[in-house]
Amino acid sequence: MLKFLVTGAAGQLGKDVVRELENRGYEVTGSGSKKRKTAGRYVKMDITDRNEVEAVMKKLRPDIVIHCAAWTAVDAAEEPENYEKVWEVNGKGTSNLASACQKIHAKMVYISTDYVFGGQGSRPWEPDCEEFSPLNRYGETKLQGEQTVKAELKEYFIVRIAWVFGKNGNNFVKTMLEQGKRRKELRVVCDQIGTPTYTADLAKFLANLSMTKRYGIYHVTNEGEYVSWYDFAKEIFAQAVKLGEKEYADVKVIPVTTAEYGISKAARPFNSRLDRKRICEEGFQPLPVWKNALERYLQEVLAERKG
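Numbers 1195 to 1501, taken from our numbering, label the letters of the sequence shown in order.
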């Protein structure tokens, strides 16, 4: 039986990856930087501690490591006091893990981001494009993680994702639903373009991908048209109303430019379009259309909210 190690197992994506692999009957161990009591297998592993990483990896000897752990607080990463910590997690931590994978001959799946690109233009970024120009500290350190994976390993997958939403963490969909209960007018950016990614669908793809030898770089989001955050917000409220949440019927979403919205600590790319063609080229099933994914997600979270 294949043995998996999933880092960041308590996170938004990590939880869904662990659940997907367990449902398929594989031996799965989740890891995180803190001790936790969980129903499944779990091990404390601080990825910034090289010795601890090597000790855990030698003991577990996983066949496949899916590396979901990351510093993802994009604005907080711009604070000078966090610079070193962000690098330690996204850069050094990834290097430690890649090195340990190399020593025990484990495959590695590294979760990366559209933020490695600068966001200029309007054409979708292709997986093999190397026109890197990250706009913020988060993007810089995730790119450093990619580079160390390429340098350390031959058997690796780099999976760039964007606009992630899932049941187990904070995300744009949850923010809109919460804000829509409090305010009837919401200003949402209309000049940043990308595609949403549902973690439950992504987890299925990662499980399928990891069991092959079709190594390399993939861009993975849900299928469907590229949209702005404004378009996404409108769809969230429209679907919520269809599902019976009438309190959102009179929410007005107002489109604003990034400049009008106000400067955040971290710059965001205008063009987050990712070219997903390699998914089909390598014989994999594309993820469902994002509007369908959003509907399934809302059905679940709204039902839970009602108790």
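Glycine included, C-beta positions come from ideal geometry on N, C-alpha and C.
DSSP beta-bridge partners for residue i?
i, result
"H1261", "T1201 and Y1304"
"G1388", "V1421"
"L1468", "W1319"
"T1223", "L1199 and R1235"
"I1430", "In DSSP, I1430 forms no bridge with anything."
"Y1350", "M1302"
"I1355", "T1307"
"F1326", "F1311"
If the criterion is Cβ atoms closer than 9 Å, does the pair residue i and residue j meet it?
i, j, result
"E1272", "K1459", "yes"
"R1462", "Q1386", "yes"
"V1303", "I1241", "no"
"W1176", "Y1392", "With the chain covering 1195 to 1501 only, the question about residue 1176 has no answer from this structure."
"E1248", "K1297", "yes"
"F1399", "Y1491", "no"
"S1227", "K1301", "no"
"A1394", "K1368", "no"
"A1427", "F1366", "yes"
"G1363", "Q1479", "no"
"E1417", "P1482", "yes"
"R1376", "H1413", "no"
Assuming residue i and residue j make a contact with CB atoms under 8 Å, what is their CB distance in whole Å?
i, j, result
"T1288", "G1339", "4 Å"
"A1434", "L1496", "7 Å"
"A1397", "V1211", "5 Å"
"P1321", "D1469", "7 Å"
"S1306", "I1352", "5 Å"
"K1378", "V1445", "6 Å"
"A1264", "L1347", "Their Cβ separation, rounded to whole angstroms, is 18 Å, which puts A1264 and L1347 out of contact at 8 Å."
"M1195", "Y1220", "6 Å"
"R1244", "N1290", "5 Å"
"S1422", "C1474", "Not really, about 25 Å apart at Cβ, beyond 8 Å."
"E1476", "R1408", "5 Å"
Could you check where the alpha helix (DSSP H) with residue i kicks off and where it finishes?
i, result
"I1171", "The question about residue 1171 has no answer, for the chain in this structure spans 1195 to 1501."
"V1212", "Q1206 to N1217"
"V1237", "That residue, V1237, is in no alpha helix (DSSP H); its beta strand (DSSP E) goes R1235 to K1238."
"L1291", "G1287 to I1298"
"K1375", "F1366 to R1376"
"V1247", "R1244 to L1254"
"D1395", "T1393 to S1404"
"K1279", "Y1277 to W1281"
With a CB to CB cut of under 7 Å and the five nearest residues on each side skipped, what residues in its chain are close to residue i?
i, result
"Q1493", "L1437"
"D1269", "S1458, K1459 and A1460"
"K1286", "T1242"
"A1443", "V1435"
"G1202", "G1208, G1226, C1262, A1263 and A1264"
"Y1277", "R1331"
Taking 9 Å as the CB-CB limit, is residue i close to chain C?
i, result
"A1453", "Annotation note: the requested chain C is absent from the structure, which comprises a single protein chain."
Among residues of its own chain, excluding the 5 on either side of residue i, which ones have a beta-carbon nearer than 6 Å to its beta-carbon?
i, result
"S1466", "D1308, A1356 and G1388"
"K1238", "K1229"
"I1411", "P1321 and I1352"
"E1489", "Q1433"
"R1381", "I1448 and V1450"
"R1213", "none"
"M1370", "A1427 and I1430"
"A1294", "V1247, E1248 and M1251"
"G1313", "P1463, F1464 and N1465"
"W1281", "T1335"
"A1487", "Y1392, D1395 and N1416"
Tell me which residue opens and which closes the beta strand (DSSP E) that residue i is part of.
i, result
"G1438", "That residue, G1438, is in no beta strand (DSSP E); it is neither H nor E in DSSP."
"E1489", "No beta strand (DSSP E) holds E1489; the alpha helix (DSSP H) holding it covers W1484 to K1500."
"E1379", "E1379 to V1383"
"Y1412", "G1410 to H1413"
"K1446", "K1446 to V1450"
Leaving out the 5 sequence neighbours to the left and right, which residues in its chain are closer than 8 Å to residue i when beta-carbon positions are compared?
i, result
"E1334", "P1328"
"V1310", "F1326, P1328, G1333, K1336, L1337, E1340 and R1354"
"S1316", "I1387, N1465 and R1467"
"R1235", "E1221, V1222, T1223 and G1224"
"L1155", "With the chain represented from 1195 up to 1501, any question about residue 1155 goes unanswered, as that position is not in the structure."
"T1342", "G1285, T1288, S1289 and A1292"
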